[in-house]
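Remarks on the structure that follows.
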Amino acid sequence: MKTIRLLFSVWLMFVTVILGGENPWRLSAKRMSSPTLGWTRSAIEGFALPTSVKPGEEIKFYVSVCDSGSQHQNYKIKIFRIPDITNALYTSSIYTGAFYPLHDANGSVINIGDYSRKAVDFKKGCKQYWEPTAISFSIPSGWQSGLYCAQLEHQSSSVSQKDYYVPFIIRSPVAGSTSNILFKFDFNTLHAYNWWGGGSLYSVAQDENLTSLTISDTIAIDRPMQFGVNFFYYANQFIKTLEDSGMVMEYCNNIDVDSSNQTESV
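Take a look at the structure:
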C-alpha cells in the first residue's frame, strides 16, 4: 500500500510539471539585466556549515548584517523543518551581528557603492572573514531527518528586507533506520546558479557584469544563496505531498553523496 501511495505521489508531481508547462526543478540561467548584480547585498544574509548534520552534532550559522537604523545589527535565528515554515522549532535570543564586505581578486575590501572592482567572493568563499561572529548550534537529539531552514530575522524597523533563509539538512543518526526512501536536496545545483559574491558557474548567461570563470575555477559553498525562500517552494510541495500520504523519508544533500568518507553514513 505504501508503494502505491509513493507511486501516486510521484505521478502527481509529474502531472503537475507537465500541466504547468515548466520543470520547477530547472533553475533559469537567463540574464538578470542589472548593472550592479554582482555587488548586490541584503540587509541580512548568511549560510550554514556544515551543510548537513546529524542530531547531536554542531552546525554554525555565518551572518552578515547591514543597517544604519536605531536597532543597528540585531537579529534572531528561527529554525523550521520543511514543509512547515510557520511553526519554529527553535527561536534564539537576540544577537548583535556585524557587516562583512565583498572582496576583489587581491583580497581588498569593496565598500558598498563601489562598482569599479568585481567581487570574487563567489570563488573564494566567506568563512574566513565571517568566522568571528558565527553562531554555533547543537542539533537536538529528537529532531528527525529532514530539510531545514534557519530564518535570519533582522530586528531593525528601518530595513524593508527583514528575513533571510538558510537551508541545511539533518540526516538520520543511522542510515536506513527509519525509511528506505532517501530525499537528496540539490544544494550544489543551487550554488551553481547562485551569483552571490560576484558570479556563478553561469555568469556569462546571467549578466555581463558578473565575473566570468576560467576552466580551472571553482565556486564556493561557504556563502549566502541569492534565491530567498522561493527555492524551498517545490521541495516544500514535494515533501508535503509525500508526508501527507503517510510516507517517511530520510534526507541528505549531494555533498553527502559525493563525500567518500560518508558513503556508508548517508
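Mind the numbering: the sequence shown is residues 0 to 265 in numbering that gives the first Met the number 0, read in order. Cβ coordinates follow ideal geometry from the N, Cα and C atoms, glycine included.
Residue i to residue j span [Cα, whole Å]
{"i": "residue 42", "j": "residue 132", "result": "16 Å"}
{"i": "residue 87", "j": "residue 114", "result": "39 Å"}
{"i": "residue 35", "j": "residue 152", "result": "25 Å"}
{"i": "residue 111", "j": "residue 125", "result": "16 Å"}
{"i": "residue 90", "j": "residue 79", "result": "10 Å"}
{"i": "residue 60", "j": "residue 201", "result": "27 Å"}
{"i": "residue 175", "j": "residue 250", "result": "10 Å"}
{"i": "residue 95", "j": "residue 44", "result": "14 Å"}
{"i": "residue 84", "j": "residue 163", "result": "13 Å"}
{"i": "residue 252", "j": "residue 184", "result": "4 Å"}
{"i": "residue 65", "j": "residue 103", "result": "19 Å"}
{"i": "residue 243", "j": "residue 232", "result": "16 Å"}
{"i": "residue 116", "j": "residue 130", "result": "24 Å"}
{"i": "residue 205", "j": "residue 37", "result": "10 Å"}
{"i": "residue 256", "j": "residue 56", "result": "19 Å"}
CB contact flag (residue i, residue j, <8 Å)
{"i": "residue 170", "j": "residue 258", "result": "no"}
{"i": "residue 77", "j": "residue 154", "result": "no"}
{"i": "residue 46", "j": "residue 165", "result": "yes"}
{"i": "residue 189", "j": "residue 198", "result": "no"}
{"i": "residue 182", "j": "residue 254", "result": "no"}
{"i": "residue 178", "j": "residue 54", "result": "no"}
{"i": "residue 97", "j": "residue 72", "result": "yes"}
{"i": "residue 48", "j": "residue 196", "result": "no"}
Coil, strand or helix - residue i by DSSP
{"i": "residue 74", "result": "strand"}
{"i": "residue 161", "result": "coil"}
{"i": "residue 266", "result": "What the structure shows of the chain is the stretch from 0 to 265, and residue 266 is not part of that stretch, so it cannot be assessed."}
{"i": "residue 53", "result": "coil"}
{"i": "residue 149", "result": "strand"}
{"i": "residue 114", "result": "coil"}
{"i": "residue 90", "result": "strand"}
{"i": "residue 47", "result": "strand"}
{"i": "residue 101", "result": "strand"}
{"i": "residue 168", "result": "strand"}
{"i": "residue 254", "result": "helix"}
{"i": "residue 132", "result": "helix"}
{"i": "residue 26", "result": "Unreliable placement is indicated for residue 26, whose pLDDT of 42 sits below 50; the coordinate value is still reported in the next sentence. The answer is coil: DSSP assigns residue 26 none of H, G, I, E or B."}
{"i": "residue 181", "result": "strand"}
{"i": "residue 155", "result": "coil"}
{"i": "residue 176", "result": "coil"}
{"i": "residue 202", "result": "helix"}
{"i": "residue 245", "result": "coil"}
{"i": "residue 221", "result": "coil"}
{"i": "residue 120", "result": "helix"}
{"i": "residue 35", "result": "coil"}
{"i": "residue 210", "result": "coil"}
{"i": "residue 85", "result": "coil"}
Test: residue i CB closer than 8 Å to a CB of chain C
{"i": "residue 88", "result": "Checking the listed chains, one finds no chain C in this structure; it contains a single protein chain."}
Nearest-angstrom Cβ-Cβ length linking residue i and residue j, presumed shorter than 8 Å
{"i": "residue 136", "j": "residue 58", "result": "5 Å"}
{"i": "residue 246", "j": "residue 180", "result": "7 Å"}
{"i": "residue 225", "j": "residue 194", "result": "6 Å"}
{"i": "residue 109", "j": "residue 62", "result": "So it is not a contact: roughly 19 Å between Cβ atoms."}
Are three or more beta carbon pairs between the region 167-181 and the region 134-149 nearer than 8 Å? yes
With three or more beta-carbon pairs closer than 8 Å as the criterion, would you say the region 212-222 touches the region 114-123? yes
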